[in-house]
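A.B. asks: In terms of my numbering, the first sequence opens at residue 30 and continues consecutively.
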Amino acid sequence: MSNLKNGGRPPLTYQSFVNIAGEPPEPVVEEYSVIPLIGDTGEYELFPVPKLEELGYGDISQEDVPLFRGGETEALKRMRESLQDKEWVAKFEKPKGDPSAFLKPATTVLSPYLKFGCLSSRYFYHCIQDVYMSSKMHTKPPVSLTGQLLWRDFFYTVSFGTPNFDHMKGNKICKQIPWKESEELFVAWRDGRTGYPWIDAIMIQLRRWGWMHHLARHSVACFLTRGDLFIHWEKGRDVFERLLIDSDWAINNGNWLWLSCSSFFYQYHRIYSPISFGKKYDPNGDYIRHFIPALKHMPREYIYEPWTAPLSVQEKARCIIGRDYPKPVVDHAAASKECRDRMGEAYASSRLGGGDPAIKGKKASNSRQRKVSEYAPDPSKSKQPKKSR
DNA sequence: TCGTTGTTGTATCA
DNA sequence: TGATACAACAACGA
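What follows is the structure, given as structure tokens:
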């Protein structure tokens, strides 16, 4: 990589794009008046594809095998495999998928390919339509498979027309909520050490695979923000942006606004239980056992709440809570009650006009069913942040 | 002002 | 598996 003639700039390395904190630097923008011919690299020399070690990854041979081979060929193969099961396509309903299914995920897992442009969303849409044409009945948006593509475009549209979409402050559609500061709780969440196996397994899957089921994302996002820890959604957003292989600026920010009840969705008393939500799908805890080996031998009746297991059971399972696996960082019943109360106060304050002082005279409003024209860009406003990812 | 609606809550009961 | 109660939000439309 060092043989790059780069106009005197330092050579571009992985670390140039993503520093340790995960913050991408300002992208270098080149302007061309004419599209260069294929093969004409101008003053640049070709350099080989960097090795994983050069990208900062160590020995990954012992890791779980990543699910995602890159490229259009793989994307089309995956799409065709998914669409082959016509009944599954016709009956697809997003909220009904199983978030604990990891050997055979409950969704198409095409999001990384859509994100990187390996799969055309338009082509995908028409392929789904072809399946619908040959089916007697099919589900409809917003829950259907095409509905998922429409949500994607919804977030693109609203993010394009909303200044400061990726921040709470200065974002007129975002509830102003006095989130708590706690580095200790945040780090426990980020690193999968909350003591709630369902939450930790999801965060570990995120770190290992770069992907987890949509409802699993809901569980951990709710837990971090309005459900338990009351930590700012922007902190969780940053972690997802860094670790998700399908992370998309508009969709990621939109979903964090949604899940934290900061925008789009406001029923903050509906809180995902870090215990019973996962149990509903996977009562034996196979998903937890796979991603948290320390809990592999924990009996089924304690797998979601291992701190309630008698010491003799913990010893037999070779997992002492507090030593081999963390104690819960918060008590869910008390924490969620407190979160509800805080959200209620924040909402009451916003009703009384106490919002973001940066947005003078504009109520932080719901945008759920605003006219599409309201999302059109205002040329007088500053440019939307451009992400280089 | 009021009734309805909202992609994905939980616990309990039959 | 589906119905119901729970507690209760914002926004829309009549």
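Beta carbons are placed, not taken as given, at the ideal position from N, Cα and C, and that holds for glycine.
Taking the alpha-carbon of Glu116 as reference, which of Thr102, Pro328, Val78 and Ser164 has the nearest alpha-carbon?
C.D. replies: Stepping through the first sequence from its first residue, residue 116 is reached at position 87. Nearest C-alpha to Glu116: Ser164.
A.B. asks: Can you tell me whether DSSP reads Gly37 as helix, strand or coil?
C.D. replies: Within the first sequence, numbered from 1, the residue matching residue 37 stands at position 8. Residue confidence is low: Gly37 scores 32 on pLDDT, short of 50, so the model does not pin down where it sits. No coordinate-derived value is stated.
A.B. asks: Should Thr223 and Ala230 be called a contact, given that it needs their Cβ atoms to be closer than 8 Å?
C.D. replies: The count along the first sequence starts at 1 and reaches residue 223 at position 194. The count along the first sequence starts at 1 and reaches residue 230 at position 201. Result no, Cβ atoms of Thr223 and Ala230 do not sit closer than 8 Å.
A.B. asks: Expressed to the nearest angstrom, what Euclidean distance is found between the alpha-carbon atoms of Met327 and Val138?
C.D. replies: Indexing the first sequence from 1 puts residue 327 at position 298. Indexing the first sequence from 1 puts residue 138 at position 109. So the two alpha carbons sit approximately 30 Å from each other.
A.B. asks: Does Ala393 pass the burial test, meaning 16 or more other C-beta atoms within 10 Å, or should it be called exposed?
C.D. replies: Position 364 of the first sequence, counted from the start, is the residue given in the question as residue 393. Any answer about Ala393 is weak, because its pLDDT of 39 lies below 50 and its placement is not dependable; what the coordinates show is given next. Result: buried.
A.B. asks: Using a 10 Å radius around the Cβ and a threshold of 16 neighbouring Cβ atoms, would you call Met372 buried or exposed?
C.D. replies: What you label residue 372 is simply residue 343 of the first sequence in a count that begins at 1. Buried, because 16 or more other Cβ atoms sit within 10 Å of the Cβ of Met372.
A.B. asks: Rounded C-beta distance between Trp240 and Leu288? I'm assuming under 8 Å.
C.D. replies: Here residue 240 refers to the residue found at position 211 of the first sequence. Here residue 288 refers to the residue found at position 259 of the first sequence. That pair is no contact at about 17 Å.
A.B. asks: What are the boundary residues of the alpha helix (DSSP H) that includes Phe189?
C.D. replies: Reading the first sequence from its first residue, position 160 is the one you call residue 189. Run containing Phe189: Leu174 to Phe189, per the alpha helix (DSSP H) assignment.
A.B. asks: Does the region 249-268 come close enough to the region 182-189 to have 3 or more Cβ pairs within less than 8 Å?
C.D. replies: No: the two stretches stay apart, fewer than three of their Cβ pairs being nearer than 8 Å.
A.B. asks: If I measure Cβ to Cβ from Phe121 and keep anything under 7 Å in the same chain, skipping five residues before and after, which residues do I get?
C.D. replies: The sequence position of residue 121 within the first sequence is 92, counting from 1. The answer, listed in chain order, is Thr168, Ser173 and Leu174.
A.B. asks: Quick one: is Ile280 buried, meaning 16 or more other Cβ sit within 10 Å of its Cβ, or exposed?
C.D. replies: Against the first sequence, residue 280 aligns to sequence position 251. Its Cβ being crowded by 16 or more others within 10 Å, Ile280 is buried.
A.B. asks: Only counting the same chain, and skipping five residues up and downstream in sequence, which positions put a Cβ closer than 6 Å to that of Arg369?
C.D. replies: Reading the first sequence from its first residue, position 340 is the one you call residue 369. These residues qualify, in order along the chain: His298.
A.B. asks: Keeping to the same chain, check which residues put their C-beta closer than 6 Å to that of Tyr142; ignore five residues upstream and five downstream.
C.D. replies: Looking up residue 142 in the first sequence gives position 113. Excluding sequence neighbours, Tyr142 sits near Ala104 and Leu148.
A.B. asks: Let me know the secondary structure DSSP gives Tyr86 once reduced to three states.
C.D. replies: One-based indexing of the first sequence puts residue 86 at position 57. If DSSP states are grouped into helix, strand and coil, Tyr86 belongs with coil.
A.B. asks: Identify whether Lys106 lies in helix, strand or coil by the three-state DSSP scheme.
C.D. replies: Counting from one through the first sequence, the residue named residue 106 turns up at place 77. Three-state DSSP puts Lys106 in a helix.
A.B. asks: So, at 6 Å on beta carbons, what are the nonlocal neighbours of Ala323 in its own chain, with the 5 sequence-adjacent residues on each side left out?
C.D. replies: Mapped onto the first sequence, residue 323 falls at position 294. Taken in chain order, the residues that qualify are Cys348, Asp353 and Tyr354.
A.B. asks: In the structure shown, what three-state DSSP assignment does Lys133 receive?
C.D. replies: One-based indexing of the first sequence puts residue 133 at position 104. In the structure shown, Lys133 sits in coil (DSSP, three-state: anything other than H, G, I, E or B).
A.B. asks: Beta carbon of Pro303, beta carbon of Phe259: below 8 Å?
C.D. replies: Sequence index remark: in the first sequence, residue 303 carries index 274 (1-based). Sequence index remark: in the first sequence, residue 259 carries index 230 (1-based). Contact: no.
A.B. asks: Which residue from Ile67, Lys356 and His196 puts its Cα closest to that of Leu214?
C.D. replies: As a working mapping, residue 214 is identified with position 185 in the first sequence. By alpha-carbon distance to Leu214, the top candidate from Ile67, Lys356 and His196 is Lys356.
A.B. asks: Helix, strand or coil for Lys356 per DSSP?
C.D. replies: As a first step, residue 356 is located in the first sequence; it is residue number 327 there, counting from the start. Three-state result, Lys356: coil.
A.B. asks: In whole angstroms, what is the alpha-carbon distance linking Lys80 and Arg271?
C.D. replies: On the first sequence, residue 80 is found 51 positions in, with the first residue counted as 1. On the first sequence, residue 271 is found 242 positions in, with the first residue counted as 1. C-alpha of Lys80 to C-alpha of Arg271: approximately 20 Å in a straight line.
A.B. asks: Buried or exposed for Ala362, please, with buried defined as at least 16 other CB atoms from any protein chain shown within 10 angstroms of its CB.
C.D. replies: By 1-based counting over the first sequence, the position of residue 362 is 333. Exposed, because fewer than 16 other Cβ atoms sit within 10 Å of the Cβ of Ala362.
A.B. asks: Rounded to the nearest angstrom, what separates Ala135 and Leu381 at their Cα positions?
C.D. replies: Residue 135 sits at position 106 when you count from the first residue of the first sequence. Residue 381 sits at position 352 when you count from the first residue of the first sequence. In a straight line, the C-alpha of Ala135 is about 43 Å away from that of Leu381.
A.B. asks: Determine the direct distance from the alpha carbon of His242 to that of Tyr376, and round the result to whole angstroms.
C.D. replies: To locate residue 376, count along the first sequence from 1; it is residue 347. To locate residue 242, count along the first sequence from 1; it is residue 213. Distance between the alpha carbons of Tyr376 and His242: 30 Å.
A.B. asks: Go to Met197, then tell me how far its alpha helix (DSSP H) extends in each direction, as first and last residue.
C.D. replies: Counting from 1 along the first sequence, the entry for residue 197 is found at position 168. Neither: Met197 is in no alpha helix (DSSP H) and is coded neither H nor E.
A.B. asks: Could you compute how far the alpha carbon of Tyr301 sits from the alpha carbon of Met166?
C.D. replies: One-based indexing of the first sequence puts residue 301 at position 272. One-based indexing of the first sequence puts residue 166 at position 137. Those two C-alpha atoms are separated by around 32 Å.
A.B. asks: Across which residues does DSSP place Ile274 in a beta bridge pair?
C.D. replies: Along the first sequence, one-based indexing puts residue 274 at 245. The partner list for Ile274 (beta bridge, DSSP) is empty, contrary to what the question assumes.
A.B. asks: Please report the distance separating the alpha-carbon of His196 from that of Ser341.
C.D. replies: Here residue 196 refers to the residue found at position 167 of the first sequence. Here residue 341 refers to the residue found at position 312 of the first sequence. So the two alpha carbons sit approximately 48 Å from each other.
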